[in-house]
Ligand code: NAD
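In our numbering, the protein residues as written are 3 to 412.
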């Protein structure tokens with residue numbers, strides 16, 4: 003089943019369970035507005051998308067990804083998840099998402115900048131600080147967000163730092179935004195082991211995805227004492243039984259352009275420290291916690307029965323399909339849903355947006371503790387309401403839809 007259909011089916015089923023009206027359920031299944039436009043670069047015509055799903059809780063908010071597999075369905079599905087995420091953790095934003103279908107690695111830096119500027123030109127009439135505020139996602143970073151603010155401000159004829167979040171700090175970004183999503187995932191994991199009465203050092207983790215989210219998750223988790231024995235990217239990964247040194251692994255990855263062969267422990271980086279591992283093998287490692295932090299649909303009905311972890315912490319958006327979650331839940335594996343586990347980014351974005359509209363300064367410590375304050379009580383609530391054999395994602399959707407219904411009825 004495709005990602006969008008699956009999200010819509012979940013809304014249909016869970017909406018009914020919480021007695022939402024048919025009209026409300028139908029409303030939640032589709033975006034309020036969907037934009038599709040051409041972007042021309044290096045003799046090629048690319049397609050850009052923006053899905054503005056729902057703004058009951060506040061302005062549309064959501065990342066913008068540059069990826070060759072971006073589709074309208076994916077962008078729409080991700081925008082629905084943003085609505086649910088913001089409603090779940092009660093950040094005053096609605097849900098949006100955007101993307102451009104291309105592989106930025108095949109283009110020069112100037113060409114990627116041109117794609118970003120054209121995206122703003124095309125979307126300009128429909129976005130803005132009080133309307134729809136994009137942010138980074140796969141293959142888009144603080145530098146591109148700063149460029150996009152520059153373009154938006156040029157078109158608006160005034161400086162508009164609140165038009166995008168995830169910018170460079172010197173352009174109105176906040177310290178802690180870059181770390182926030184990974185930190186949020188880590189904070190939830192730390193809360194989980196507290197609830198279980200476990201020691202981080204005895205908790206073994208495998209991590210798929212070593213980009214912005216995966217790396218920062220790894221950094222904070224390792225600092226707390228968790229043992230991350232495997233990490234991967236799209237071209238493969240590493241297995242280091244002693245536990246990886248995140249900073250050294252990242253340095254090696256940045257220098258060589260791949261995480262493969264970066265077997266880095268606290269001591270050193272070298273072949274004797276570990277071995278390489280394929281992505282599909284990483285997913286089935288016998289660990290306590292599996293953290294998919296790369297892309298969607300990596301745990302499906304085809305590989306769910308191979309998962310040996312007791313907990314799956316969904317840091318990517320949509321990494322576990324519903325069918326896979328049913329299989330995992332049936333085996334007693336707890337899947338912590340993406341709309342909670344990766345909500346740290348949008349919380350930090352909220353602080354950055356406040357700074358942009360009100361000029362309110364905020365420190366890195368305040369941002370990261372804000373992330374924890376928004377996420378951890380919701381996690382504890384979800385944990386307590388989810389009985390053995392039940393889906394945490396379903397309960398997260400229930401809470402989110404109920405919060406949206408309250409606003410709908412106001
Ligand atoms: P990124 O581009 O910085 O990193 C993506 C990582 O995934 C890279 O390490 C890449 O090599 C790896 N990857 C890609 N395809 C893969 C595959 N098939 N198998 C294994 N690894 C693969 O992106 P990011 O910002 O870290 O985002 C990762 C995920 O987290 C996405 O699903 C994104 O939507 C979600 N997310 C990001 C944020 C944020 O603040 N950046 C917030 C919420 C959710």
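Glycine included, every Cβ here is placed at the ideal spot set by N, Cα and C.
Remember, predicted model here, so these are calculated numbers, not experimental data.
Output the boundary residues of the beta strand (DSSP E) element that contains residue 229. 229-235
Taking residue 46 as part of the beta strand (DSSP E), name the residues at either end of that continuous run. 46-56
Measure the CB-CB distance between residue 267 and residue 246 and report whether it falls below 8 Å. yes
Would you check if the distance between the CB atom of residue 369 and the CB atom of residue 178 is smaller than 8 Å? yes
Helix, strand or coil at residue 4 [DSSP, three-state]: Looking at residue 4 - three-state DSSP - the assignment turns out to be coil, as it is neither helix nor strand.
Measuring alpha carbon to alpha carbon, tell me which residue in 160, 116, 77 and 339 is nearest residue 140. For the options 160, 116, 77 and 339, the alpha carbon positioned closest to that of residue 140 is the one of 77.
Suppose the cutoff is 6 Å on Cβ atoms and the five residues either side in sequence are ignored; what does the same chain contact list for residue 36 look like? 53
Among all the DSSP beta bridges, which residues are the ones paired with residue 277? Note: residue 277 sits in a beta bridge opposite 241.
Which residue from 348, 205, 342 and 315 puts its Cα closest to that of residue 335? Taking each of 348, 205, 342 and 315 in turn and checking the Cα distance to residue 335, the smallest one comes out for 315.
Bridge partners of residue 103, per DSSP? Checking the DSSP bridge columns, you'll see residue 103 partnered with 69.
Secondary structure, alpha helix (DSSP H): runs of 4+ residues fully inside the stretch 155-243: Correct list: 179-198 and 214-226.
What first and last residue would you give for the beta strand (DSSP E) that runs through residue 294? If you look at residue 294, you'll find it in the beta strand (DSSP E) that goes 291-294.
With distances taken Cα to Cα, identify the nearest neighbour of residue 204 among 210, 195, 172 and 242. 195
To the nearest angstrom, how far is the alpha carbon of residue 354 from that of residue 386? 32 Å
Would residue 331 pass as a contact of residue 299 if the rule is Cβ separation under 8 Å? no
Residue 229 and residue 207: beta carbons closer than 8 Å? yes
Rounded C-alpha distance that separates residue 396 from residue 16: 7 Å
Could you check where the alpha helix (DSSP H) with residue 140 kicks off and where it finishes? It is not in any alpha helix (DSSP H) - residue 140 carries neither H nor E in the DSSP assignment.
Using a Cβ-Cβ cut-off of 6 Å (strictly less than) and excluding sequence neighbours within five positions of residue 40, which residues of its own chain qualify? 47
Residue 165 and residue 131 look like a contact to me (Cβ under 8 Å); what is the Cβ gap, rounded to whole Å? 5 Å
Selected residue, minimal CA-CA separation from residue 379, among 176, 129, 398 and 122: 398
Residue 313 - partner residues in DSSP beta bridges: For residue 313, DSSP records a beta bridge to 291 and 336.
Cβ of residue 317 within 7 Å of any heavy atom in ligand 1? yes
Tell me which same chain residues have a C-beta within less than 7 Å of the C-beta of residue 381, skipping the five on either side of it? 190, 193 and 342
Would you kindly work out how many angstroms separate the C-alpha atoms of residue 154 and residue 344, rounded to a whole number? 27 Å
Verify the contact flag: residue 206, CB atom, against every heavy atom of ligand 1, threshold strictly below 7 Å. Not so, every heavy atom of ligand 1 lies at least 7 Å from the Cβ.
Skipping 5 residues on each side, what residues in its chain have a beta carbon closer than 8 Å to that of residue 289? 206, 207, 208, 231, 232, 310 and 311
At least three beta-carbon pairs within less than 8 Å, the stretch 144-159 to the stretch 106-121: In short, these stretches touch, since the Cβ pair count reaches three.
For residue 237, count neighbouring Cβ atoms within 10 angstroms of its own Cβ and tell me buried if that reaches 16, exposed if not. exposed
CA nearest to the CA of residue 74, picked from 43, 82, 38 and 55: 38
Measuring alpha carbon to alpha carbon, tell me which residue in 107, 328 and 182 is nearest residue 8. 328
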